[in-house]
Every structure is written in structure tokens, then in C-alpha cells.
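> Right, I'll just put the structure down here and ask away after.
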Amino acid sequence: MGVGIEVRGLNAWYGKNQSLNGIDMTVPANHVTAVIGPSGCGKSTFVRCLNRMHETIPEARAEGSVKVGEMDVYGGGSDPVEVRRRIGMVFQKPNPFPTMSIFDNVAAGLKLNGFRNRKQLNELVERSLKLAALWDEVKDTLHKKSGASLSGGQQQRLCIARALAVEPEVLLMDEPASALDPISTSKIEELIFQLKQHYTVVIVTHNMQQAARVAELTGFFLMGSLIEYDKTEKIFTTPADKRTEDYVTGRFG
Amino acid sequence: MRWRACWCGASPAELRGRVPNAIAPAAPRPLSLWRRFSDWGATGFAILAAILVLVPLLAIFVYLVIKGVGSINWAFLTQTPKPPGEVGGGMANGIIGTGLILCVASVIGVPLGIGSGIYLAEYGRNRFGDVIRFTADVLNGVPSIVVGITVYSLIVIRQKHFSAFSGGVALGIMMIPTVARATEEMLLMVPMTIREAAYGLGIPRWRTTLSITLRTASAGVITGCMLAFARVAGETAPLLFTAFGNQFWNLKLNQPTAALSLQVFTYAISPYDDWHKQAWAGALILILLIVGAVAAVRIVTARGRLGA
Amino acid sequence: MRSRFQQGLDELKEKLLRMGGLAEQAIDRATEAYRTRDSKFCQMVLTGESAINDAEREIDELALDLLAMQQPMAIDLRFILAVLKINADLERVGDQAVNIAQRVLDLISEPQMELPVDIPRMADGVSTMVQRALESFLDGKAEVAEAVLQMDSIVDRMKDEAFVVLVQKMHDDPSCTRQALDVLLIARALERVADHATNIAEDVIFWVRGADVRHGGAHYRE
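In C-alpha cells form, the structure reads like this:
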């Protein structure tokens, strides 16, 4: 089951440049929340701060409070590696590990964290691939084909399966379908809709129609600040802030 | 006034009389003579350059085969050298000795080289890393005899005897820069997205570097190791002061040991005709051993690759 | 900015305003026909109907295309929805003008009677409502639209008064029943036109403010 995310006063910097200004946001459990905004508005930075990926970039830092369920992500004793184990991430460009088979790709997160039980590994890999709607297509070539030999849409679903295999509570997706063709995109969107039953999903997208299709809540970011955050229908029919309206009607960005 | 034909290649006269038709484009204009000539010229030059590179390599190899193959026989491969003046004997101890010394060199050079390469690529994008990089490049250029003398004064004098071990150390030191730089380059070529995928799964950084990044770059790293190996396999000067050479069998690491390159050197500058012939044979065997080792590694690693 | 889309929106607005002009014109002509009892005005109204119907069809098509091809959001989406609704209301206004014209033709064929109902005054009020509603659409001004909403109750009252007066007249003088009924129907048609003008004003408020002010309340999305 998923958990909710509470963000209070989140600030982030790249070196001296502040890229996020005091973000306050509550993401409810088992919902899909979309984050939209023009290029450079901080939406990717925001999502990367949720699982402490932001600080892997040299000279990047973040401050503030992010609570994922009971876990205080930036708290005193918090270990970034542990945080990332409980918050999964899927990236814009599908990035399966090229030298590993499909099975090894999905199992990577488990195996490299010490998980050894062969039978359980098989079960978890199968379950993850089924959740990602990829099982039927690859079940016969799990160990023979490499992760990189699949098509773009399949690779992205493989990455989703890989992220799900470590059983996170939250799934972050940074423009997961932007590199895919329309049919793969709609498969991924369908998948996201199914996933929210088990996980909390936060999806960054620059495609407003996609946000409208998959998300229940939408947050509009502009120049590092959260301008408006509300039900998706409201954002797209009667947004409260003029800047939101200008963005969703295509008048800028 | 010269009229410039439009980009599609049709002349103005053709365009004037014709309705634009997107489905049937104009026939492509044939390449001008100058274009064709320069095309062939460039290709020809490239082919010529490749041939010119191969020619010396093949020439050496063929010459070696001609001069050396006659002296390769079972005795050569299994016997130790006979005293000077006597005909016969072989370089068996040199073959084994080379193998021994190269093993020591690899055990020293490969892990240290890969370790340095990992540091430089993953953690060393800073001033300190630049210093290390510079040092490695300088070390690469240090003459092999200087390395030999240094190891002589650091190890041989202290131990008061020559040894295969010190020979291995000298060659290992020479391997490090090549392996380190190759490892660094290959690791840098692994896209950041692969590492991020691993971080996103909650895999610690060190584990990511070893099990994911290094594994992805493994083909290139292995090539780097083989390059270093092939280079030091034939080094003679450092071994002069460290392994020193030996007329007899020796499998102990702390004794002077024969090496093919040393024996080729000794025999080649000797006044004995028989020894000259054996030098050619020794050189040929050395080349074959190196080629064999590289090929074996390639075969073994290729078998591990997955299908597409 | 999306210029093709903006052009489409501008075209839609223009077409709708032109149709509004036709509808206004129809009401004015019908009123003039009543005032002058001249059948030529009635004919003009009847022949002008087809232009209004054609305009309705064109506007619906253009709106549909814009929705399908441009994926409008927020205020643009509300605008197109408002246009579709106003379109329907204007077409009904045209229909009511035709009804009035037909009643006037009937009155012309009957002997002239004095009836204590000031139809022209009512028609002026209604015409003003339609005009203001279309103005509010042209300028996108919700305040002007709100003023139209206020005027509806006045027209309703005028119609109720006419009803009472005419029923009394029919009771007192049965010979003028036919004419009285015609006038009553004309009053009712005018009252319907006022309702349509109110609808138009409500649609404008929805477009501009995103508030659903129909049926008396102000409903904002939660």
C-alpha cells in the first residue's frame, strides 16, 4: 500500500542558484499527482528531492522537511540509500542495465542489496513484470535476452518493473513517456492508473493532456515555486491563478 | 548571369514548365566530376594509410616467422639453455619465467590500475584527481630502464638478491597508468543515467560503481588491461636489474628468474650463431604467446555476452 | 502563442456576434411590424430565419473543430462551451421573432382593437437585454452580464401584468378574444426572448469567471 508525502518548506540549490523556493505540498496516498510547468521551473528538481536523488549531483543541496509516511527523508539519522529503497524512481529515458538480462535487470535492486533466496527472487521478478504489464511479452526470454534489446516502450516497462521489485511505497516518474510513441505512451498511462491501487505515484510531465488523463491532483510549478495545486479538473477548467491559466492555455511556455 | 538551380536539383527551365508534384520528385542530379574524384581520393587515402600501418606489422611477423620458425622444436620448448658454445638447448625456463613474472605484474598492475581508474572517474573530478592523472601520464612516459633501476634500488638491494618478484613489481608499475587511464575513460563513457537508475533503486554508491558501472564498462576495461599486458610482456630493460635472468629452472618468486625478453637480448648480442637462431625463435615465441593470451581473453569474455 | 487557435477563437466570436445581430434585427423587425401593422416587416422576419439557422450550423461546426484539433483548456474551453450555448439561445430568439411575426400577421387580418398592453415598451426592454447580453459577450465583461440578469424580473412582471389585463379584457369583451390572445402570445414570446438573453448573460459569466450562476445561485468549482 502507498503512503502519503508531506512537503514543508522545501528549498533546493544548484551551487549558488536557488531552484526551489519554500515548497509546501501534501501528496495523498494511493493517488496519482502530476507536476507540470514550463522548462526550468523546478518540477524535476522537486521530484528528485523527494528521494534524495538531487544531492547526487555535485554542488547540489536541499533543505526542508519531506515526510514520506512515517519516514523523515531529510531527518537527522536518515540514510539516503535507505530512502531511495523505499521510494522508487523511473526516468525519462529508459535506462535498463545494458549488460544484464531481463531477469537480472528486474532483480538488480534485490540482488545488489543482499537478497539471495532464489525461489523468492523468481517470484518477485514475475510479480513485478506482471505489475508492469510486461510478463507475457518476455516470460520466455527472461535470461536470454539483454535488457537493452527490447523496444523503447518495453524498456520503460522493464524499468518500472525493476523499480517495483524492491517494493517501494512511492513511485516517482520523471516524464516517463516523453521518449515513447503514442501506443507505448497509452500503455504506460494505463499502467499508472493501475499502479495507484498499490502505490502513491508522483509524475512529472510537460504534456498537459497526459496530466489531465492520468492524474487526480496537479501542481503547477513556475520558477521554483508552487503556484497552484488542486484537483486536475479544476486546474484545467477554472484555474485560480492567472499564471496557471496562461500556462495551460498555451499562452506561454 | 549564372543561374543557380534550386535545391532540388531541377533547373529553372524545368521548374517553369512543371506543376509541383510532391509524389514524383525530380530525378537526382548526377554528382559532378570533382565531387566523385575527391570522394574516391579520400577513400583511397584512408585505405592507403591503413595498409601502411599494417605493412610493418606484417613484415615483422613474417620476418620473425622466416628467421625463427626453423629453430622451434620440441627441445627448444622444453629444455633450458646449454652452456655457451654448445649447440642445442632451449628457452623453456624463459617461457615459464615470463609467465611467472607477468602473473606477478598483473596481480600488482591490474587491481591498482583499475582501482585508480575507478577513483579518477567516480570520485576524482577535482584538483587532487587532476594531480593523479598528471602523475599517471608522467609515469607512462618514464623510460622502462628508469623503472628498472628504481625497483632495483628499492627492492633488489634491500633483499640482496634478484627475484621474479621484483621483476613483476617493475612491470606492474608500468602497467598501472595504462590500465588506470583506460578504466577511467571507459567508466566516463558509461552514461550517468545508468548510475542514476542504480541509485534510484537504493544501491549504495560503491556497489553501483563495482557491480553496475564497472560491469557496463567491462569490455573496454579488459581491453585496457590487455593493452598494458601486451606492452609490458615484451619489456627487457626493467628486467635487467630485477629478474636478472637465470640459466636454470626457477619457480620461486624470490630467486632470479629467466624471461624470454631477457634471453632474446642476451642471445642476440652474443657472438654465437646458434644463439642468434634461438633468439629469433624466442622472439617469435614471445609474440605468439602475447597474441595467444590476448585472443584467449577475448574468447572467454565474448562467451559471457548475452544475445540480442 | 498559438496563432491559428487564436484566429479560430476570433472567428468564432465574430460569427456569433454577427448571428446575434441577425437575431436582434429579427426582434426589432417583429416589433416594428407590431407597431406599424405592416406585413412587409413580417415577411422580412420570416425570410431572415434561414440565415440564422445557417449561422447556427456554421458556429457549431467551427466550435467542434476547435475542440477536437486544439485541445483548449481553462478559459478557452469555457469560451467555446459558452459559444455553443449562446448559439442555441440565439437560434431560439430567432424562432421567437418568427412567432411574433406570425402573430402580427394574424392581427393584421383581424379588425383593429385597442388593447391596454404596451407591447412596444416591453419589446424595447427585451431588445435592450439582448443587446446588453451580446455586448457583455463582445467585451467579456461580467458586470454588464450581471445587469442583464437584473432586468429579467422587470420583463417577467410586465408579462404577468399583460396576462392579467388581457384575461380581464377577454372576459369583458369576448369579441376581441382572438386579438387579445395574439397579443398575449406576443407578450409571452417576448418574455421567452428575455429568458434567452438571461441565459446568454449567464453563459458569459461562466466563461469569464468560471462560475455557474444559473438557477439563481453562484456555484464555483471546489
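Residue numbers (this note's numbering), protein chains in the order written: chain A, 1 to 253; chain B, 1 to 308; chain C, 1 to 222.
Ideal Cβ positions, reconstructed from N, Cα and C, are used throughout, including at glycine.
Under 8 Å by Cβ, that's how I've got D246/A and E228/A pegged, so tell me the actual separation to the nearest angstrom.
Incorrect: roughly 12 Å between the Cβ atoms, too far for contact.
> Near R243/A, what residues of its chain come up, given a Cβ to Cβ distance below 7 Å and the 5 sequence neighbours on each side ignored?
Only L222, I227 meet the Cβ criterion.
> Whole alpha helix (DSSP H) runs in the region 169-236 of chain A with 4 or more residues, listed along the chain?
Whole alpha helix (DSSP H) segments, 4+ residues: 182-195, 208-214.
> Can you have a look at T47/C and say buried or exposed, based on whether 16 or more other CB atoms are within 10 angstroms of its CB?
The residue is exposed, with fewer than 16 neighbouring Cβ atoms inside 10 Å.
> So R29/B is in the alpha helix (DSSP H); what residue range does that whole segment cover?
From DSSP, R29/B is part of no alpha helix (DSSP H); its letter is neither H nor E.
> Round the Cβ separation of E122/B and T183/B to the nearest angstrom and send it over; I've been treating them as touching at under 8 Å.
Contact doesn't hold; Cβ gap of about 10 Å is too wide.
> Can you tell me whether F244/B is helix, strand or coil according to DSSP?
Three-state DSSP puts F244/B in a strand.
> For G234/B and L240/B, I'd like the C-alpha separation in whole angstroms.
Rounded to whole angstroms, G234/B to L240/B spans 13 Å at the Cα level.
> Beta strand (DSSP E) containing V117/C: first to last residue?
Neither: V117/C is in no beta strand (DSSP E) and is coded neither H nor E.
> What do you reckon, are the CB atoms on V193/C and I27/C nearer than 8 Å?
Cβ atoms of V193/C and I27/C: closer than 8 Å.
> Got a sec: is the Cβ-Cβ distance from Q209/A to anything in chain C below 8 Å?
With 8 Å as the cut-off, Q209/A counts as an interface residue toward chain C.
> Residues of chain A with CB under 9 Å from G224/B, in chain order?
Here the premise fails: no neighbours, minimum Cβ distance about 17 Å.
> Using beta-carbon positions only, say whether Q120/A and E175/A come within less than 8 Å of one another.
No.
> Would the region 158-165 of chain B count as touching the region 141-150 of chain B if we require 3 or more Cβ pairs under 8 Å?
Because the criterion of three Cβ pairs below 8 Å is not met, the region 158-165 of chain B and the region 141-150 of chain B do not touch.
> When the cut-off is 8 Å and only beta carbons count, does T150/B lie next to chain A?
For T150/B, the answer is no, since every Cβ of chain A falls outside 8 Å of its Cβ.
> In the DSSP assignment, find the unbroken alpha helix (DSSP H) run with Y199/B in it and report its ends.
192-200 is the span of the alpha helix (DSSP H), which, as asked, contains Y199/B.
> Give the DSSP bridge partners of D212/C, in chain order.
DSSP lists H219/C as partners of D212/C.
> Do you know whose CA, among G85/B, T242/B, G129/B, lies nearest R158/B's CA?
Among G85/B, T242/B, G129/B, the Cα nearest to that of R158/B belongs to T242/B.
> What first and last residue would you give for the beta strand (DSSP E) that runs through G22/A?
First-last of the beta strand (DSSP E) with G22/A: 17-27.
> M170/C lies in the alpha helix (DSSP H); which residues open and close that run?
That run of the alpha helix (DSSP H) goes 142-172.
> On the three-state DSSP scale, how would you describe K67/A?
Correct three-state label for K67/A: strand.
> Mind checking R4/B: buried by the 16 CB within 10 Å criterion, or exposed?
Only weak support exists for where R4/B lies, its pLDDT of 44 falling under 50; the value from the coordinates is given anyway. Answer is exposed; the Cβ neighbour count stays below 16.
> Determine the chain A residues that contact I75/C at a beta-carbon separation under 7 Å, and present them in chain order.
Residues of chain A passing the Cβ test: E245, T249.
> Run through chain C and tell me which residues come within less than 8 Å of F236/A, C-beta to C-beta.
Those within 8 Å of F236/A in chain C are M73, A74, L77.
> Going by DSSP, which residues form a beta bridge with V35/A?
Answer is V204/A, G219/A, bridged to V35/A.
> For W7/B, does the three-state DSSP call read helix, strand or coil?
Because the pLDDT at W7/B is just 43, under 50, the model does not fix this residue reliably, and the value given afterwards should be weighed accordingly. Three-state DSSP puts W7/B in coil, outside helix and strand.
> With three or more beta-carbon pairs closer than 8 Å as the criterion, would you say the region 120-132 of chain C touches the region 48-62 of chain C?
No: the two stretches stay apart, fewer than three of their Cβ pairs being nearer than 8 Å.
> Using alpha carbons as the reference points, say which of V106/A, G152/A, S151/A lies closest to G142/A.
Note that residue 142/A is Leu in the sequence shown, not Gly. Closest option to L142/A, Cα to Cα, is V106/A.
> Check whether the region 243-255 of chain B touches the region 296-303 of chain B, taking contact to mean three or more Cβ pairs, one atom from each stretch, closer than 8 Å.
No, they do not touch.
> If you draw a straight line from the alpha carbon of N122/A to that of G129/B, how long is it in whole angstroms?
One C-alpha to the other measures close to 42 Å.
> Three or more C-beta pairs under 8 Å: does that hold for the region 146-154 of chain A against the region 61-74 of chain A?
Output reads no: the region 61-74 of chain A does not touch the region 146-154 of chain A.
> Span of the beta strand (DSSP E) holding M89/A?
Element bounds for M89/A: 87-90.
> Counting only C-beta atoms, is P239/A closer than 8 Å to chain C at any point?
Judged by the 8 Å Cβ criterion, P239/A is in contact with chain C.
> Measuring straight from C-alpha to C-alpha, what distance separates A51/C and G20/C?
Straight-line Cα distance between these residues: approximately 11 Å.
> Below 7 Å on C-beta distance, what does M89/A contact in chain B?
Simply G200.
> Using DSSP's beta-bridge definition, name the partner residues of I5/A.
In DSSP, I5/A forms a bridge with V27/A, V68/A.
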